[in-house]
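Asker: Position 203 of the sequence shown, counting from 1, maps to 203 under full-length UniProt numbering, and the rest follow consecutively.
Beta carbons are placed, not taken as given, at the ideal position from N, Cα and C, and that holds for glycine.
One structure is given below, represented as structure tokens, and several questions about it will come after.
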Amino acid sequence: MNSPIHRTSRSLLLSTVERVPAAGTLRPGQPLRQTQEARGRTIPEATVGRLATYLRVIDDILDDSEDVISSDGLARVCGVNSAKLRKDLSFLGSFGIRGVGYDLVNLRARIAEVLGVTEHRDVVIVGLGNLGHALAGYAGLAARGFRVAALFDIDDDRLGERVGAVSIRSISELRGVVGSLTAPIGVIATPALAAQEVADLLLAAGVTSILNFAPAVLTVPCDIDVRKVDLASELQILSFLERRKSGNHDATTAREAVSPGGAN
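Dropping the structure here:
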């Protein structure tokens, strides 16, 4: 259940959304049409990233007992323009009714299907330091369709420790445990020097998708999907953007200091 704080902030956000009254022609739960053209199109990676955002926002709206919303209203809450939202959703099929809006129940179901989270997908985490602990205990994973199925670490002092309902196992057990799971996603939260070895162990156990939090570049076969999360790099990018804003401000100040008639 959502906390009162989350409920209040969501309600304030949704108060800016244009509400569209449900019409008799739109029945929540009514099957959506997916065109042959949509089924054959490859969804761009950037669109996939936005679909994940749409899914989260739709869940919030449905929690507030709203099941129909206009494209403009949904776009505003998601932080994109309505044209981009409509283009993104066009990859999924035919959605919405002109003058009425989107049936959010069906739209949510279709996005979840495309993202592969109609059922809980198993996640295994290797490296249970501070970051690994935080990831393993993050309640948002279950809410988004993921189940922490196994935890592994090399430190004997951590073995047997429980994070939530899952006990930390020795990394020597990884292949046997992970091999019994169905298409799990591997999460690497180890120091950089151990990351490649852990990736090799995950691949040997049958993992084909890895989320890498270690500050290291992994060498994997071309059919393996790796997403890298480098917090330090993201902070460096923000630092650059801050510096650029400061530089633009300095340049603007310098231009304003010069009188229209030139230097005195």
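Rounding to the nearest angstrom, what Cα-Cα distance links residue 191 and residue 120 in this structure?
Answerer: Their Cα atoms are separated by approximately 28 angstroms.
Asker: Nearest CA to the CA of residue 188: which residue from 50, 126 and 208?
Answerer: The residue with the shortest Cα to Cα distance from residue 188 is 126.
Asker: Measuring only the C-alpha atoms, how far is residue 214 from residue 74?
Answerer: The alpha-carbon atoms of residue 214 and residue 74 are separated by roughly 35 angstroms.
Asker: I'd like the list of long-range same chain contacts for residue 168, defined as Cβ closer than 8 angstroms, with 5 residues on each side in sequence excluded.
Answerer: 128, 151, 152, 153, 158, 159, 160, 161 and 162.
Asker: If you drop the 5 nearest sequence neighbours on each side, which residues of the same chain put their C-beta closer than 6 angstroms to that of residue 101?
Answerer: Answer for residue 101: 20, 68, 69 and 70, listed in chain order.
Asker: With distances taken Cα to Cα, identify the nearest neighbour of residue 44 among 77, 61 and 87.
Answerer: Ranking the options by Cα distance to residue 44, first place goes to 87.
Asker: Given residue 51, which residues of its chain have a CB within under 7 angstroms of its CB, disregarding the five upstream and five downstream residues?
Answerer: Answer for residue 51: 88, 111, 114 and 115, listed in chain order.
Asker: Should residue 237 be labelled buried (16 or more other beta-carbon atoms within 10 Å of its own) or exposed?
Answerer: By the 10 Å Cβ count, residue 237 comes out exposed.
Asker: Pick helix, strand or coil for residue 81, following the three-state DSSP scheme.
Answerer: DSSP places residue 81 in coil when its eight states are reduced to three.
Asker: For residue 121, which three-state DSSP category applies?
Answerer: Strand at residue 121.
Asker: State the Cα-Cα distance for the pair residue 46 and residue 240, rounded to the nearest angstrom.
Answerer: Cα-Cα distance, rounded: 23 angstroms.
Asker: Distance, Cα to Cα, residue 201 vs residue 180?
Answerer: Roughly 14 angstroms separates the two Cα atoms.
Asker: Work out the CA separation of residue 139 and residue 1 for me, nearest whole Å.
Answerer: Caution applies to residue 1, whose pLDDT of 43 falls short of 50 and renders its modelled position unreliable; the value that the coordinates give is listed next. If I take the Cα positions, the gap works out to 11 angstroms.
Asker: State the Cα-Cα distance for the pair residue 205 and residue 211, rounded to the nearest angstrom.
Answerer: Distance between the alpha carbons of residue 205 and residue 211: 16 angstroms.
Asker: Which same chain residues end up closer than 7 angstroms to residue 135 when comparing Cβ atoms and leaving out the 5 residues on each side of it in sequence?
Answerer: Answer for residue 135: 125, 187 and 189, listed in chain order.
Asker: Pick from 107, 78 and 79: whose alpha carbon is nearest that of residue 90?
Answerer: Of 107, 78 and 79, the residue nearest in Cα terms is 107.
Asker: If you draw a straight line from the C-alpha of residue 247 to the C-alpha of residue 234, how long is it?
Answerer: Distance between the alpha carbons of residue 247 and residue 234 is about 20 angstroms.
Asker: In whole angstroms, what is the alpha-carbon distance linking residue 242 and residue 76?
Answerer: Straight-line Cα distance between these residues: approximately 26 angstroms.
Asker: With C-beta atoms as the reference, is residue 123 less than 9 angstroms away from residue 141?
Answerer: Yes, the pair counts as a contact, with Cβ atoms nearer than the cut-off.
Asker: Mapping DSSP to helix, strand and coil, what is residue 128?
Answerer: In the structure shown, residue 128 sits in coil (DSSP, three-state: anything other than H, G, I, E or B).
Asker: Quick check: what's the CA-CA separation for residue 232 versus residue 177?
Answerer: So the alpha carbons of these two residues sit roughly 32 angstroms apart.
Asker: Under DSSP, the beta strand (DSSP E) around residue 210 begins and ends at which residues?
Answerer: Start and end: 209–212.
Asker: Just reading off the beta strand (DSSP E) that residue 67 is part of, what are its end residues?
Answerer: Where residue 67 is concerned, there is no enclosing beta strand (DSSP E), given that its DSSP letter is neither H nor E.
Asker: Under three-state DSSP, which class holds residue 111?
Answerer: Of the three classes helix, strand and coil, the one that applies to residue 111 here is helix, per DSSP.
Asker: So, under 8 angstroms CB-CB, residue 57 and residue 78 are touching, yes? Tell me the CB distance rounded to an integer number of Å.
Answerer: About 5 angstroms; that satisfies the 8 angstroms criterion.
Asker: In whole angstroms, what is the alpha-carbon distance linking residue 244 and residue 230?
Answerer: Roughly 21 angstroms separates the two Cα atoms.
Asker: Going by the DSSP bridge assignment, what does residue 226 pair with across the sheet?
Answerer: For residue 226, which the question treats as bridged, DSSP gives the partners 210.
Asker: Since I believe residue 137 is in contact with residue 164 (beta carbons under 8 angstroms), could you give me their beta-carbon distance rounded to a whole number of angstroms?
Answerer: The pair is a contact, with the Cβ atoms about 6 angstroms apart (cut-off 8 angstroms).
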